[in-house]
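Below is one structure, written out as structure tokens; the observations come after it.
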Amino acid sequence: MPDETKSPSPPTPQGDSQPSAEQPAVPGGVKATPSGSVQGDVKTPSEKAAAPPSKPAAAPAKAPVPTPTPWDSPMIAKLKRMYGSGLEPLTYAGQNYMIVDSSMIPEILQVLRNEEQFDYCVDITAVHYPKREKQFDIVWVLYSFPRNERIRVKTQIADGAKLASSVPIWATANWLEREVFDMFGIQFEGHPDLKRILLPDGWKGHPLRKDYGILQQDNEWVQINLGIESGQ
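Residue 188 in numbering that gives the first Met the number 0 is what sits at position 189 of the sequence shown, and the numbering runs on without skipping anything.
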């Protein structure tokens, strides 16, 4: 007769059963054979070494380099009728500009101010290309408040050539032309007070010319005014 006082054995849980002696547990969820060898996706060191290297990610495609394209507008059509081949209007990277023969610069700037409402001369600057026959680019950056439009006017001149001052057209051209004179040595005829604005009056040379070395100084001025052999 069975002993009814003895507690019955608990039922074996279903699902995640405990590993038996014939199937020991192996980390990573892979099976082990009775002999102890591992089955699954585990690779031996020799298999890992023999695996082909992964391909490098493809380099991103380079963005196309912007190039100048013709600029056309009612204003440009009018200027082309007036000045013909003396004016080349272009657009580069969303910026409108016109290349103008230097002999036409005073008249075109006056037309842009009086007839096209470019009432603010934002900047005047220059670039030096010493190997060119006409070594200097001069650039006027103009803005029209009524039109909310910005354009650039560019011309080329030889070393030693002079340009008419734009001060009678825009008062802001005063200090801008002085800076171009100071840094590049370009003369603006009719300027009311063309003298240096960044460097001392007695300084020799113009530092933004390409033939003026980056470490070059007016050592004579330094010695006389600072009492030292060199400022470097």
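Virtual Cβ for every residue (Gly too), placed ideally from N, Cα, C.
Keep in mind that this is a model prediction, so the values were computed, not measured.
What does DSSP give as the partner residue(s) for residue i in the beta ladder?
i	result
M97	P88 and V152
F187	L162
T66	T66 pairs with nothing; no bridge assigned.
Identify which residue in the options has its Cα closest to the Cα of residue i.
i	options	result
G201	I213, S165, V110 and E219	E219
S102	L86, Y128 and A58	L86
W169	G184, P69, L111 and Q215	L111
R208	D192, K194 and I185	I185
P65	A92, S72, K54 and A56	A92
V121	K161, W174, H205 and F187	W174
L193	A163, Q216 and L214	A163
L283	S84, G83, N147 and R151	With the chain represented from 0 up to 231, any question about residue 283 goes unanswered, as that position is not in the structure.
Around the C-beta of residue i, are 16 or more other C-beta atoms found within 10 angstroms, so that it is buried, or is it exposed?
i	result
M182	buried
V179	buried
W139	buried
L225	exposed
V166	buried
A56	exposed
A125	buried
V37	For V37, the predicted structure reports a pLDDT of 49, less than 50, and the residue's modelled location is therefore unreliable. A value from the coordinates is still provided. Exposed, because fewer than 16 other Cβ atoms sit within 10 Å of the Cβ of V37.
G214	First, the residue type needs correcting, since residue 214 is Leu and not Gly in the sequence shown. So L214 ends up on the exposed side.
P59	exposed
Within 8 Å, do at least three Cβ pairs link the region 152 to 172 to the region 98 to 113? yes
Quick test of the definition: if touching needs 3 or more C-beta pairs under 8 Å, does the region 120 to 134 touch the region 72 to 90? no
Within the chosen definition, does the region 143 to 152 reach the region 110 to 125 through at least 3 CB pairs nearer than 8 Å? yes
Curious, which full-length alpha helix (DSSP H) runs of at least 4 residues does the region 101 to 163 contain? 104 to 113
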